[in-house]
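Residue numbers (my numbering): 18 to 67. Structure record follows, encoded as structure tokens.
Here it is, written out as structure tokens:
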């Protein structure tokens, strides 16, 4: 859940595929990089598939 980390930000996943994701709603590049790291961890932990 990203809401506790970014309570004032609306994050949208505009486009996703097995090789990429496009995010909008983040103002700072550092925030965007941090969200992408979190999403990468979720993707690599395949427990959400079950």
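All C-beta atoms in this analysis are idealised placements derived from N, C-alpha and C, irrespective of residue type, glycine included.
Check, Outcome
"Take residue 27 and list the residues in its own chain whose beta-carbon comes closer than 7 Å to its own, dropping the five residues that flank it on each side.", "42"
"How close, in whole Å, do the beta carbons of residue 19 and residue 59 come, if the pair is a contact with beta carbons under 8 Å?", "That belief does not hold up - the Cβ atoms of residue 19 and residue 59 are roughly 10 Å apart, past 8 Å."
"Using the Cα positions of residue 46 and residue 40, report the straight-line distance between them to the nearest angstrom.", "11 Å"
"For a test of the three-state rule: what should DSSP assign to residue 63, helix, strand or coil?", "helix"
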